[in-house]
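Undergrad: I'd like to ask some things about the structure below.
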Amino acid sequence: MTKSCYHCGEDVPANTDFKVEILGDVRSMCCPGCETVAQTIVDNGLVSYYQYRTAPAEKVDLVPEQLKALVHYDNEEVQSEFVRHSNNYCEVMLSLEGVSCAACAWLIEKQVNSKQGVLSIKVNTTTNRALLSWDKSKTKLSELLSGIHQLGYKAAPFEADKQEAAYHATMKQYLYRLGIAGLATMQVMMLAVALYLEVFGDLEPEFKNYFRWVSLIFATPVLLYSALPFYLNAWRSIKGRTLGMDVPVSIALIFAYCASLVATVTEQGEVFFESISMFTFFLLVGRFLEMRARRKAAAASGNLLKLIPAIATTLEGKQVPVKSLKVGDQIRVLPGEHIPADGKVVEGRVHVDESMLTGESIHVVKQMGDLVYAGTLNGDESFVLEVACSKADSVISNIVRLQDEAQHSKPKIAEIADVVARYFVGVILLISAATWLYWHQTKPEDAFWIMLSVLVATCPCALSLATPTALTCATSRMGNFGILLRKGHVFETLCKINHLVIDKTGTLTKGDIEIQRTETFAEWPETQCLALASSLESHANHPIARAFARYADSDVQAVDVTNVIGAGICGYWNGEEVKIGSSRYVLEREQPESHAVYLSIAGKHAATFFYHDPIRKESREFLQKFAEAGIKTTLLTGDSLANATPVASAMGIEHVIASAKPEDKLAYLQNLDASDITMMVGDGINDAPTLAGAHLSVAMGSGTDVAKASADMTLLGDRLDKLLEARELALRTRKIIRENLAWSLGYNLLILPLAVAGLVAPYIAVVGMSASSIIVVSNSLRLLKEQGK
């Protein structure tokens, strides 16, 4: 049986659950609008309305269309494009509108974190994004987005193009507001010259009052339209029971206007219309330049996503949206196109430019079965691609997500600065009130503008921007190095490390075994021995086996192949038994060579293959630079001492620990002195516990997924020398953060007593406050430039 809405009487749609407890019973509602109105009636003690009404209420529609649209984000197909699903939680990157300072971020985090099912939300004021994690079994994404909207901010899943469009729309509005404030300021200042400098010495009182009314007319649109963003931000802060940067600004503007309006109407006292207009104009100029600078700092990761094309080409030549692709779909990637999705090459042999991921300009050869990544650039040949994952789970999306996650993880210094800034606003308001009281008794005619100067000059905007802008710029620069950050403490710890612990295979060495030379015996030629070894080793999966793949020959194929774990491989060729593996297995005797594989045919020693793992060409310089910085190095490897010693000698490493199991590696780190701040670099599964246990950990991009998941940083291009640049950048970042904090705190400590003493005019206070924010942001932007430029 269909239920009727208790509020309006319409039918309640199936599969909905809108309910409100009224008069002791739980009543069904047909929509969120009726539910909201009914709950409001109950919350305000007006429940008797339902006892005495004679007819159901009219159908309500209090939910704006914008909020209704949020329900679509609960659709799994819609979510597949931007939500990352895990076993226990969902995660999404959100774009935010209306966030202007650290207090806004604190308010959103406080309100959303209090909701059931939310695991965490971290807001970045520089990029205007938030990283939200929630339990989908306890709450819906639409409900969380609606909660943010109710605070007065707009939130939606991050899309680079949409955020850019929103940014341009916001900047356009700022230009309109700025233009009106600028025009009004020019007009009001001309009138102020006539009033205050008495250009017309014999000006009659009625003309003076006339000029005041004209100034009021010009200043009113500035107050009501140009300054509107400051009031909205202040209202959000007050509604959330916090004090944002725009609270003192709004108070100053409203007080000045009201006092001037009363003076104009009563024809007594001073007017401050020129201060209102000029204050708003300079403040908007500062915000406009600040937003442009912050946009520049935040653009890098968004630009990565824009490399993924919107359209893909099917095998039949049809154009389809990339967002409609599903795992297993096959598409054709044309020459010179950006690859639309992560997947594997099904047909073709191509050269792919992966510089946007690794920073390396040399094209990578991709053959059948090789993985390619969305956003990378195809070369001169078309190929067929099989889609392996959705856009939300693509490598490039994970890079952007991890970069933002690293930026959202605030260092301690940033958290302290945010708290100081938040409480500092309260202190400013108290000092401003005390200043007015003092000057009202001492010099009443100057009390108001002195209080105005205190309110404006000491706004701690620069303090809130000091750390996040620097970290955002530095994280973006790290991406240019081909380094992916996973944790926010990287910059702090990189500056402190004094002990480098490094793995050998796949780290100092390439981990790509090569056959260095071959010795043959009896009547079998080298090419035949290599081809036979390749056929046998194709049935194994280890680095040495892969070294023989290039020598495959279709005319030389072993049959009845069997793996003998820990010893080698056995098979038959031309009716004769063939073996490859260790000397004990193949020759039934021990041989002294540690880097050799043996082949026998019909029980006779046919060949010995000597292999080596080439040392990375940048390894020696990398270790030398760290040594020059006073950082000691330990080679910690699971390989034998015989294999580790030559590499250590070639690299100049004195401390070597070999044949170490995963638990041995972790125990070594745990037994180091407390004064040792370690950075571990590794690539294998056996390095994962050590990577997790080090103060700072780096995984090689070619390493295992387990190693990457345990590390704080991932070196996408496997270039160790990039870690030298990363450390230099970390030191520069620390220096710039300290400069920013010193400037913002120094400015406030200097300007506050001057403003209280009445030595700072309101327009000087505006210029100083705006300039301090711009200086901090501009100083941070230096991190985006290459050193020395």
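Residue numbers (this note's numbering): 30 to 818.
Positions of the beta carbon are idealized from the N, C-alpha and C atoms, including for glycine.
1. At 4 residues or longer, and completely inside the region 468-545: list those alpha helix (DSSP H) runs for me, N to C.
2. Given this structure, state the Cα-to-Cα distance separating V806 from A495, to the nearest angstrom.
3. Excluding five sequence neighbours on each side, which residues of the same chain lie with their C-beta closer than 6 Å to the C-beta of C59?
4. Are there three or more Cβ pairs, one per stretch, closer than 8 Å when the region 397-416 is compared with the region 370-382?
5. Would you kindly work out how many angstroms separate the C-alpha atoms of F453 and A755, rounded to a whole number?
6. Please return the same chain residues whose Cβ sits closer than 6 Å to the Cβ of A677, not counting the five positions on each side in sequence.
7. Identify whether H36 lies in helix, strand or coil by the three-state DSSP scheme.
8. What does the Cβ neighbour count give for W242, buried or exposed, with the cut at 16 atoms within 10 Å?
9. What are the boundary residues of the beta strand (DSSP E) that A341 is part of?
10. Taking the beta strand (DSSP E) that N592 belongs to, which residues open and close that run?
11. Quick check: the region 171-178 against the region 139-159, are at least 3 beta-carbon pairs closer than 8 Å?
12. Within its chain, find whatever has a CB closer than 8 Å to the CB of L204; leave out the 5 residues flanking it on each side and keep chain order.
13. Roughly how many angstroms lie between the CA atoms of R649 and C418, to the nearest whole one?
14. Label S704 either buried or exposed according to how many other C-beta atoms from any shown protein chain fall within 10 Å of its C-beta, with 16 as the threshold for buried.
15. Three or more beta-carbon pairs under 8 Å between the region 304-314 and the region 235-254, yes or no?
16. Spatial neighbours of E410 within its chain, please: C-beta separation below 8 Å, excluding the five flanking residues on both sides.
17. Restricting to Cα atoms, I'd like to know which of A687, M507 and L492 is closest to S802.
18. Label R613 either buried or exposed according to how many other C-beta atoms from any shown protein chain fall within 10 Å of its C-beta, with 16 as the threshold for buried.
19. Are the beta-carbon atoms belonging to Y636 and E548 less than 9 Å from one another?
20. Enumerate in chain order the residues of its own chain whose CB-to-CB distance from N117 is below 8 Å, with the five nearest sequence positions on each side excluded.
21. Can you tell me whether T534 is buried or exposed? The criterion is at least 16 other CB atoms within 10 Å of its CB, across all chains shown.
22. Please go through the same chain and pick out, in chain order, the residues whose beta-carbon is closer than 6 Å to the beta-carbon of S244, but skip the five residues on each side of it.
23. In its own chain, which residues sit with a C-beta less than 6 Å from the C-beta of Q68, not counting the 5 before and 5 after it?
24. Using 8 Å as the cut-off, can you tell me whether the region 471-479 makes contact with the region 265-283, which would need three or more C-beta pairs spanning the two stretches below that distance?
25. What's the C-alpha gap between V291 and I280?
26. Helix or strand or just coil, what does DSSP make of K201?
27. Can you give me the start and stop residues for the beta strand (DSSP E) that M274 sits inside?
28. Alpha carbon to alpha carbon, how far is A689 from E683?
29. May I ask you to report which of helix, strand or coil DSSP gives I54?
30. To the nearest angstrom, report how far apart S799 and T743 are at their CA atoms.
31. Tell me which residues share the same chain as A499 and place their Cβ nearer than 7 Å to its Cβ, disregarding the 5 neighbours each side in the sequence.
32. Thinking C-beta only, is M709 closer than 9 Å to L722?
33. Does the Cβ-Cβ distance between K201 and E172 come in under 9 Å?
34. Can you tell me whether DSSP reads T663 as helix, strand or coil?
35. Return the Cβ separation of D750 and E647 in integer angstroms, given the expectation that the two are a contact with Cβ distance under 8 Å.
36. Decide if D584 is buried, meaning its Cβ has at least 16 other Cβ atoms within 10 Å, or exposed.
TA: Let me spell this out:
1. Annotation note: the region 468-545 contains the following uninterrupted alpha helix (DSSP H) runs of length 4 or greater, listed N- to C-terminal: 473-486, 490-509 and 519-523.
2. Near 7 Å, if we compare the C-alpha coordinates of A495 and V806.
3. Once the five neighbours on either side are set aside, the close Cβ partners of C59 are C34, E39 and V41.
4. The region 397-416 vs the region 370-382: in contact.
5. Using only the alpha carbons, I get a separation of about 34 Å.
6. So the qualifying residues of the chain are L664 and V685.
7. DSSP places H36 outside both helix and strand once states are collapsed to three, so it counts as coil.
8. It is exposed - the Cβ of W242 has fewer than 16 other Cβ atoms within 10 Å.
9. That run of the beta strand (DSSP E) goes I340 to T343.
10. Element bounds for N592: V588 to V593.
11. Because the criterion of three Cβ pairs below 8 Å is met, the region 139-159 and the region 171-178 touch.
12. F317, listed in sequence order.
13. Just so you know, the alpha carbons of R649 and C418 end up roughly 38 Å apart.
14. Looking at its Cβ environment, which holds fewer than 16 other Cβ atoms inside 10 Å, S704 is exposed.
15. Contact between the region 304-314 and the region 235-254 is established, with three or more Cβ pairs separated by less than 8 Å.
16. These residues qualify, in order along the chain: P364, G377, R378, V379 and H380.
17. Closest by alpha carbon: L492.
18. By the neighbour-count definition (other C-beta atoms within 10 Å, threshold 16), R613 is an exposed residue.
19. The sequence given here places Ala at residue 636; Tyr does not occur at that position. It is a contact, given that the beta carbons lie within the stated cut-off.
20. Taking C-beta separations shorter than 8 Å and ignoring five residues to either side along the sequence, the partners of N117 in its chain run D164, following chain order.
21. Within 10 angstroms of the beta-carbon of T534 lie 16 or more other beta-carbons, which makes it buried.
22. Contacts found: V217, L220 and F302.
23. So the list reads V49, once near-sequence residues are dropped.
24. No, the region 471-479 does not touch the region 265-283.
25. Rounded to the nearest angstrom, the two C-alpha atoms are 16 Å apart.
26. Correct three-state label for K201: helix.
27. In the DSSP annotation of this structure, M274 is not part of any beta strand (DSSP E), being labelled neither H nor E.
28. Straight-line Cα distance between these residues: approximately 17 Å.
29. Reading off the sequence, residue 54 comes out as Asp, not Ile. In this structure, DSSP gives D54 an extended state, which the three-state scheme calls strand.
30. One C-alpha to the other measures close to 38 Å.
31. If we look at A499 and ignore the five residues flanking it on each side, its Cβ neighbours are T762, I765, I766, N769, S809 and L812.
32. The question names Leu, yet the displayed sequence has Gly at residue 722. Result yes, Cβ atoms of G722 and M709 sit closer than 9 Å.
33. Here K201 is not near E172, since their CB atoms are 9 Å or more apart.
34. DSSP places T663 in strand when its eight states are reduced to three.
35. Right, the Cβ-Cβ distance comes to about 4 Å (below 8 Å), so this counts as a contact.
36. The residue is exposed, with fewer than 16 neighbouring Cβ atoms inside 10 Å.
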